[in-house]
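The next block holds one structure in the form of structure tokens; read it before the comments.
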Amino acid sequence: MKELVEYMVKSLVENPDQVEVREIDGTRSVIFEVRVAEEDMGRVIGKGGRVANAMRTLLRVAAIRQGKRAILEIV
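My numbering numbers the first residue of the sequence shown as -11 and each following residue consecutively.
Structure representation (structure tokens):
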């Protein structure tokens, strides 16, 4: 799932080399912390948070297939 998050975020930003994805595993859930360059923050969040919510939806579906719960945080 980490690869999925990296792929989605790197596809959106202008500085893909500055994208950092940190995975924090729990027993039933996984938290993904995404860090991007300051100027790319708006691209990742999107107007009204639409892009971020779409990424969360895709991640949630991928997590359900593995029997887990996924949380995406943009730091």
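Every residue, glycine too, gets a C-beta built ideally from N, C-alpha and C. Please read these numbers as outputs of a predicted model, since none were measured by experiment.
Using the C-alpha atoms, what's the distance from residue j back to residue i?
| i | j | result |
| --- | --- | --- |
| Val18 | Arg38 | 22 Å |
| Glu8 | Val49 | 22 Å |
| Arg141 | Met29 | With the chain running from -11 to 63 in the structure shown, residue 141 is simply not present. |
| Arg53 | Asp5 | 29 Å |
| Met43 | Glu26 | 19 Å |
| Val24 | Gly14 | 24 Å |
Count the other CB atoms within 10 Å of the CB of residue i; is the residue buried (16 or more) or exposed (fewer)?
| i | result |
| --- | --- |
| Ala51 | buried |
| Val(-7) | buried |
| Val22 | buried |
| Val63 | exposed |
State yes or no: is the beta carbon of residue i nearer than 8 Å to at least one beta carbon in chain C?
| i | result |
| --- | --- |
| Lys(-2) | Among the chains of the structure shown, chain C does not appear; only one protein chain is present. |
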